[in-house]
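All residue numbers for the sequence shown refer to our numbering, where the first residue is 30 and numbers rise by one.
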Amino acid sequence: MSNYRWQAFSLVDSPNGSASIVFCRGCKFRCPYCHNPELLEFEKQDGDLNLQEIKEKILKLSHGNFTETDWLIISGGEPLNNEAYILREILKCARSIKLKTGIYTTGIYPEKIKELYYLIDYFHIDFKCNNNIDEKTIETVRFLEDKAEYLHVNFTVMKKYHSKEIIDVTKRTFNYPIGLSIRDEKRLMIFTRASNNRETLVKLENYQLYTESELKQIIF
30 MSNYRWQAFS
40 LVDSPNGSAS
50 IVFCRGCKFR
60 CPYCHNPELL
70 EFEKQDGDLN
80 LQEIKEKILK
90 LSHGNFTETD
100 WLIISGGEPL
110 NNEAYILREI
120 LKCARSIKLK
130 TGIYTTGIYP
140 EKIKELYYLI
150 DYFHIDFKCN
160 NNIDEKTIET
170 VRFLEDKAEY
180 LHVNFTVMKK
190 YHSKEIIDVT
200 KRTFNYPIGL
210 SIRDEKRLMI
220 FTRASNNRET
230 LVKLENYQLY
240 TESELKQIIF
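See the structure below:
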């Protein structure tokens with residue numbers, strides 16, 4: 030049985046507006062920089078909710094002509110470890126009260142993405158952990174490029190775990206960049222490109238482990 034956590038309100042997890050978040054428990058990756066390490070294990074923990082409880086939480090966001098938030102975001106863990114029909118239930122529940130929907134995923138299950146994409150407005154694809162480019166994730170991104178209303182592709186780059194070569198491979202694989210922005214402590218390198226009149230945002234996050242000059246030499 031799938032297990033979930035619930036966050037009623039966030040202003041930082043959607044492309045615009047406010048969001049409520051369903052966190053799906055369980056992920057096979059063990060990235061040393063994981064943002065939600067408490068959700069890595071699949072076994073139920075105290076405070077977890079089941080599917081019916083999550084759907085009830087979503088429906089309570091509706092108050093007739095308005096909802097408490099603009100988006101329902103599914104995150105994790107890796108949400109696509111759930112069966113597609115379970116995620117479909119959650120997404121349809123959100124759509125039934127006119128919430129926009131999004132998902133944070135590694136993209137390593139393109140077959141599930143292809144089953145669910147029509148119910149999802151925002152895709153945040155994270156390349157995780159390994160010092161290579163996962164072909165399944167590439168398949169997911171390629172599939173979504175001309176379908177997703179919002180498509181963000183994110184790389185977390187740490188000098189200890191990722192070589193300069195892997196950054197160069199990502200650059201060549203996705204045929205960008207057209208822009209670079211480095212911001213304070215997290216040093217976000219941001220790339221955008223257009224695809225069928227849609228904009229794809231590609232971010233490389235760096236936690237002060239490559240210098241700005243090093244990054245520019247790699248990217249440009």
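Built from N, CA and C at the ideal position, the CB exists for glycine as well.
Since we're looking at a predicted model, the values are computed, not measured.
- Under DSSP, the beta-bridge partners assigned to Gln36 are Ile50.
- DSSP, read as helix, strand or coil, puts Ile137 in coil.
- Residue pairing by DSSP puts Ser91 in a beta bridge opposite Thr96.
- Short of 6 Å from the beta carbon of Asn110, and not among the five residues preceding or following it, lie these beta carbons of its own chain, in chain order: Gly55.
- Between Gly46 and Ser91, the alpha-carbon positions lie close to 16 Å from each other.
- A distance below 7 Å between beta-carbons, with the five flanking residues on each side excluded, links Ser31 to the following residues of its chain, in chain order: Cys53, Leu80, Asn111 and Ile115.
- Between Asp150 and Thr130 a beta carbon distance of about 5 Å is seen, short of the 8 Å cut, so the two are scored as contacting.
- Taking 8 Å as the cut-off, the Cβ atoms of Lys176 and Ile137 do not count as close.
- Judged by DSSP in its simplified three-state form, Ile102 adopts strand.
- In the three-state DSSP reduction, Phe71 falls in the coil class, being neither helix nor strand.
- Counting of Cβ neighbours within 10 angstroms places Asp155 among the buried residues, the total reaching 16 or more.
- Leu78 is bridged by DSSP to Tyr33.
- Cα atoms of Glu97 and Ala113: separation of roughly 26 Å, rounded to the nearest angstrom.
- Its chain contains Ser47 as the residues whose beta carbon lies nearer than 7 Å to that of Leu40, once the 5 sequence neighbours on both sides are disregarded; these appear in chain order.
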